[in-house]
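Residue numbers (my numbering), protein chains in the order written: chain A, 58 to 371; chain B, 58 to 371.
A virtual CB, placed ideally from N, CA and C, is assigned to each residue, including glycine.
The structure appears right after this line, and notes come after that.
There are 2 protein chains.
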Amino acid sequence: MTLILGVDIGGTDIKLGLVDGEGEIRGSGKISTRPAEGPEAAAARVRAWLAESAAGAGAIAAAGVDCAGLVDGERGFLHVSPNLVGWKNVPLRDVFERALGVPAIVENDANAAAYGEWARGAGRGMKNFVCLTLGTGVGGGVIVNGELYRGSSGFAGEIGHAVISADGPLCACGNRGCLEALIGARAIVERAIGMLRGAGGSGNAWGDSPTVEALSRAAASGDAVAAAAFRETGRWLGIALANVVHILAPEAIAIGGGVAGAGDLILEPARATVRDCVMDGAMASVRIVPAELGNRASFIGVSLLALGRLNERR
Amino acid sequence: MTLILGVDIGGTDIKLGLVDGEGEIRGSGKISTRPAEGPEAAAARVRAWLAESAAGAGAIAAAGVDCAGLVDGERGFLHVSPNLVGWKNVPLRDVFERALGVPAIVENDANAAAYGEWARGAGRGMKNFVCLTLGTGVGGGVIVNGELYRGSSGFAGEIGHAVISADGPLCACGNRGCLEALIGARAIVERAIGMLRGAGGSGNAWGDSPTVEALSRAAASGDAVAAAAFRETGRWLGIALANVVHILAPEAIAIGGGVAGAGDLILEPARATVRDCVMDGAMASVRIVPAELGNRASFIGVSLLALGRLNERR
Chain A
58 MTLILGVDIG
68 GTDIKLGLVD
78 GEGEIRGSGK
88 ISTRPAEGPE
98 AAAARVRAWL
108 AESAAGAGAI
118 AAAGVDCAGL
128 VDGERGFLHV
138 SPNLVGWKNV
148 PLRDVFERAL
158 GVPAIVENDA
168 NAAAYGEWAR
178 GAGRGMKNFV
188 CLTLGTGVGG
198 GVIVNGELYR
208 GSSGFAGEIG
218 HAVISADGPL
228 CACGNRGCLE
238 ALIGARAIVE
248 RAIGMLRGAG
258 GSGNAWGDSP
268 TVEALSRAAA
278 SGDAVAAAAF
288 RETGRWLGIA
298 LANVVHILAP
308 EAIAIGGGVA
318 GAGDLILEPA
328 RATVRDCVMD
338 GAMASVRIVP
348 AELGNRASFI
358 GVSLLALGRL
368 NERR
Chain B
58 MTLILGVDIG
68 GTDIKLGLVD
78 GEGEIRGSGK
88 ISTRPAEGPE
98 AAAARVRAWL
108 AESAAGAGAI
118 AAAGVDCAGL
128 VDGERGFLHV
138 SPNLVGWKNV
148 PLRDVFERAL
158 GVPAIVENDA
168 NAAAYGEWAR
178 GAGRGMKNFV
188 CLTLGTGVGG
198 GVIVNGELYR
208 GSSGFAGEIG
218 HAVISADGPL
228 CACGNRGCLE
238 ALIGARAIVE
248 RAIGMLRGAG
258 GSGNAWGDSP
268 TVEALSRAAA
278 SGDAVAAAAF
288 RETGRWLGIA
298 LANVVHILAP
308 EAIAIGGGVA
318 GAGDLILEPA
328 RATVRDCVMD
338 GAMASVRIVP
348 AELGNRASFI
358 GVSLLALGRL
368 NERR
């Protein structure tokens, strides 16, 4: 049985999955990233996990490695990542190939998630598919004609940094009114607190520093202000999704990531906005669906991408 | 020699081109559209032109027909066109196949122009390419992996109706802040007049109802207000182009259409905005270039699309 190791590097944890040729998970785990120790130390800890895991070292045929940020898959480089301070211009593919002794590929985490959802989740069997990952940041991945679309620079699919409100709030990327600046986790919390203050209330209803999860629970329990904050968030998401429909016209757009845990609180107003905004009924047939693979989407996707590369070489 | 007839149907004129297998123009002409007479009458006039033209009737192997609007190439239908009032749900392919007695295809005019520019103009040899056509409306066409990308609905590439300023001016499509509402010909003229009034001047400097061409000539002659209107237009274009780069990362984006006649008055501020807005130097390597085929782009492109379909059948 061919096993591929998927390594999904986040700012806090590295999620690990042993994935077979069918995309089935044969083992999984989680270790600390400790970005300050550098990529070689992280790769060594991944090797140690693999040695201790059921499969044992040497049992894998290849590895796929993903993280947030600008990843140049062709050259195997991580340019820069918002979560991994100091990991700049890292030859991430080489680092993991040396540590694990198998061929590796590197990919942006949202691209990996989109590929995973396309291959094994919400986008199965579709020709054209888009997946957005909502969290602190907003990532995107695009499948065209059944292949991950990277564009000529390798960095396509950055839907989170497409501007939908040119005079809107400042984004971490330096622009105003990117989707991420409007629906990233921080923007949602600030929106809710602003609405609460506008309604004469105080933030204490949701704790001193509320999270999207806390707001989501509050909204589900009938908190009108929290619900309104999600409705407004969903409206912004819908404007961005209508843009995706006008430009890419995919069969479906899947919404994943932690913030997507709010479910229909966000998705229903997003769907309504898409119906309002797209020019034609035929376009409105696009389905806006929840992602299906949760936080395993990226390591499944990047494993299958690594498997595909391995098969090309054989 | 295989000749294809390209039929580019505008609101006023139908541009006609006889194109050979290499994309070379072997004859061309222009007849009135007279949309009120209906599509069958227009097709009959195209047939009459062909009979009188040097090639003579019967000499063509296929026809490609394009117009603005929502064109369903697969089913051969025109859903609706902004320029052709009353041409709703027209089986345009059948109409032209009956009139001309050869296989026909139908396509959106901006898609046709993008394909023409990719095959024979500003996008030659590129893998991923985008072409925007600026005029009264703003059309877009997307080439992915060397093929015209239509998406799952058939209506992809509608970059003119992607929202970049959600609280912006109302668009003909019903949304606010679409690119078309910000840089369509009418928006440019209104911007210039508004700036002139703001500066205490009157519109008479450019005539009673100035055109983009008149403004362009004025700006080239040193008219500071007209130049400022184009700079602002170029900035909006640049925001939309940065979005295209973030989502599609093409090798180049070509800008055509009548409004593009303003050239660097618009393109230079657009390029500067793209450089400012895209997240990474590698993305900024995208080239923003003038389209090369002028108003022949669509009939060349749709002819070559028809030729491609013909070769598939053979």
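>> For a test of the three-state rule: what should DSSP assign to B/R403, helix, strand or coil?
In response: The shown model of chain B, from 58 to 371, leaves out residue 403 of chain B, and the question about it has no answer.
> B/I304 CB to nearest chain A CB: under 7 Å?
Replying inline: Against the second sequence, residue 304 of chain B aligns to sequence position 247. With 7 Å as the cut-off, B/I304 counts as an interface residue toward chain A.
> For a contact meaning CB atoms closer than 7 Å, what does B/S209 contact in chain A?
Replying inline: In the second sequence, counting from the first residue as 1, residue 209 of chain B sits at position 152. The answer, in chain order, is K184, N185, A306, P307 and E308.
> Which class does A/R150 belong to by DSSP, given the choice of helix, strand or coil?
Replying inline: As a first step, residue 150 of chain A is located in the first sequence; it is residue number 93 there, counting from the start. Reduced to three states, the DSSP call for A/R150 is helix.
> Are A/A229 and A/G198 touching if we call contact CB-CB under 7 Å?
Replying inline: Numbered from its first residue, the first sequence carries residue 229 of chain A at position 172. Numbered from its first residue, the first sequence carries residue 198 of chain A at position 141. At the C-beta level, A/A229 and A/G198 stay beyond 7 Å of one another.
>> Once DSSP output is grouped into helix, strand and coil, what is the label at A/A114?
In response: Looking up residue 114 of chain A in the first sequence gives position 57. Since pLDDT at A/A114 reaches only 45, below the 50 mark, its modelled position is unreliable, and no value is offered.
>> Assess contact between the region 281–290 of chain B and the region 299–311 of chain B, defined as three or more Cβ pairs (one per stretch) separated by less than 8 Å. Is contact present?
In response: Not touching, per the Cβ criterion.
>> Report the CB separation of A/L157 from A/V147 in whole angstroms; it is logged as a contact under 8 Å.
In response: Against the first sequence, residue 157 of chain A aligns to sequence position 100. Against the first sequence, residue 147 of chain A aligns to sequence position 90. Your pair A/L157 and A/V147 does not check out as a contact, with CB atoms roughly 16 Å apart and the cut at 8 Å.
> Taking Cβ-Cβ distances shorter than 8 Å, what residues in chain A pair up with B/N418?
Replying inline: The shown model of chain B, from 58 to 371, leaves out residue 418 of chain B, and the question about it has no answer.
> Anyone know if the C-beta pair for B/F356 and B/G74 falls short of 7 Å?
Replying inline: Here residue 356 of chain B is taken as the residue at index 299 of the second sequence, counted from 1. Here residue 74 of chain B is taken as the residue at index 17 of the second sequence, counted from 1. Yes; because the gap between Cβ atoms is below 7 Å, this pair is in contact.
>> Could you give the first and the last residue of the continuous beta strand (DSSP E) run that contains A/G197?
In response: What you label residue 197 of chain A is simply residue 140 of the first sequence in a count that begins at 1. Looking at the DSSP string, the run of the beta strand (DSSP E) that includes A/G197 is V195 to V201.
> Near B/I240, which residues of its chain fall below 6 Å by C-beta distance, leaving aside the five closest residues on each side in sequence?
Replying inline: On the second sequence, position 183 is the one that residue 240 of chain B refers to. Cβ neighbours of B/I240 beyond the five flanking positions: T290, W293 and L294.
> When you compare only the Cα positions, how much space is there between B/A114 and B/A120?
Replying inline: On the second sequence, residue 114 of chain B is found 57 positions in, with the first residue counted as 1. On the second sequence, residue 120 of chain B is found 63 positions in, with the first residue counted as 1. Residue placement at B/A114 is flagged as unreliable, the pLDDT there being 45, under the threshold of 50; a coordinate-derived value is accordingly withheld.
> With distances taken between CB atoms, is the gap from A/L362 to A/I61 smaller than 7 Å?
Replying inline: Walking along the first sequence from the start, residue 362 of chain A turns up at place 305. Walking along the first sequence from the start, residue 61 of chain A turns up at place 4. Result no, Cβ atoms of A/L362 and A/I61 do not sit closer than 7 Å.
> Leaving out five residues before and five after A/L127 in sequence, what residues of the same chain have Cβ atoms less than 8 Å from its Cβ?
Replying inline: Residue numbering aside, residue 127 of chain A sits at position 70 when the first sequence is read from its first letter. Only L135, H136, V137, S138, N165 and F212 meet the Cβ criterion.
>> Less than 7 Å between the C-beta atoms of A/M252 and A/V302, yes or no?
In response: Counting from 1 along the first sequence, the entry for residue 252 of chain A is found at position 195. Counting from 1 along the first sequence, the entry for residue 302 of chain A is found at position 245. It is not a contact, given that the beta carbons lie outside the stated cut-off.
> CB-CB under 7 Å to B/T90, same chain, minus the five flanking residues each way: which ones, in chain order?
Replying inline: Indexing the second sequence from 1 puts residue 90 of chain B at position 33. The residues I66, G67, G68, T69, D70, I71 and A99, in chain order, have a CB closer than 7 Å to that of B/T90 in the same chain once the five nearest residues on each side in sequence are set aside.
> Should the region 263–279 of chain B be called in touch with the region 217–231 of chain B, which here means at least 3 C-beta pairs below 8 Å?
Replying inline: No, the region 263–279 of chain B does not touch the region 217–231 of chain B.
> A/L298 lies in the alpha helix (DSSP H); which residues open and close that run?
Replying inline: As a working note, residue 298 of chain A is residue 241 in the first sequence. Residues A281 to L305.
>> To be precise: take each residue of the region 274–293 of chain B, compare its Cβ to all Cβ atoms of chain A, and keep it if any distance is under 7 Å. Which residues remain?
In response: Flagged: no residues at all.
>> So, with DSSP's three-state summary, where would you put A/S222?
In response: Start at 1 with the first residue of the first sequence, and residue 222 of chain A comes out as number 165. Strand, per DSSP.
>> Could you tell me which whole alpha helix (DSSP H) segments of length 4 or greater appear in the region 149–186 of chain A?
In response: Whole alpha helix (DSSP H) segments, 4+ residues: 149–157 and 166–177.
>> I'd like the list of long-range same chain contacts for A/A285, defined as Cβ closer than 7 Å, with 5 residues on each side in sequence excluded.
In response: For the purposes of this step, residue 285 of chain A is taken as the residue at position 228 of the first sequence. Around A/A285: M252.
> Hey, B/V316 and B/A219: beta-carbon distance below 7 Å or not?
Replying inline: Stepping through the second sequence from its first residue, residue 316 of chain B is reached at position 259. Stepping through the second sequence from its first residue, residue 219 of chain B is reached at position 162. With contacts defined as CB atoms closer than 7 Å, B/V316 and B/A219 fail to qualify as a contacting pair.
> Skipping 5 residues on each side, what residues in its chain have a beta carbon closer than 7 Å to that of A/I296?
Replying inline: Locating residue 296 of chain A in the first sequence gives position 239, where the first residue counts as 1. For A/I296, where only same-chain residues beyond five positions count, the Cβ hits under 7 Å are I221, T330 and C334.
>> Distance check for A/N352 and A/I312, CA to CA, integer angstroms please.
In response: Taking the first sequence and counting its residues from 1, one reaches residue 312 of chain A at position 255. Taking the first sequence and counting its residues from 1, one reaches residue 352 of chain A at position 295. Roughly 12 Å between the two C-alpha positions.
> What's the call for B/E174, buried or exposed, on a 16-neighbour Cβ count within 10 Å?
Replying inline: What you label residue 174 of chain B is simply residue 117 of the second sequence in a count that begins at 1. By the 10 Å Cβ count, B/E174 comes out buried.
> Counting along the chain, where does the alpha helix (DSSP H) carrying B/F356 start and finish?
Replying inline: Stepping through the second sequence from its first residue, residue 356 of chain B is reached at position 299. Element bounds for B/F356: A354 to R370.
>> Is there a Cβ of chain B sitting closer than 7 Å to that of A/L127, yes or no?
In response: Here residue 127 of chain A refers to the residue found at position 70 when the first sequence is read from its first residue. Chain B, which has a Cβ nearer than 7 Å to the Cβ of A/L127, makes this yes.
> For A/V103, which residues from the same chain have a beta carbon less than 6 Å from its beta carbon, with the 5 sequence-adjacent residues on both sides left out?
Replying inline: Locating residue 103 of chain A in the first sequence gives position 46, where the first residue counts as 1. Here the set comprises V64.
> How is A/A309 classed by DSSP in three states: helix, strand or coil?
Replying inline: As a first step, residue 309 of chain A must be located in the first sequence, where it is residue number 252. In this structure, A/A309 counts as strand in the three-state DSSP scheme.
> Is A/M340 close to chain B, meaning its C-beta is less than 7 Å from at least one C-beta of that chain?
Replying inline: By one-based count along the first sequence, residue 340 of chain A stands at place 283. It does: the Cβ of A/M340 has a partner Cβ on chain B nearer than 7 Å.
> Using the C-alpha atoms, what's the distance from B/F153 back to A/G80?
Replying inline: The count along the first sequence starts at 1 and reaches residue 80 of chain A at position 23. The count along the second sequence starts at 1 and reaches residue 153 of chain B at position 96. Whole-angstrom Cα-Cα distance: 49 Å.
> Using a C-beta to C-beta distance shorter than 8 Å, which residues of chain B count as neighbours of A/N168?
Replying inline: The count along the first sequence starts at 1 and reaches residue 168 of chain A at position 111. Simply none; closest approach about 12 Å.
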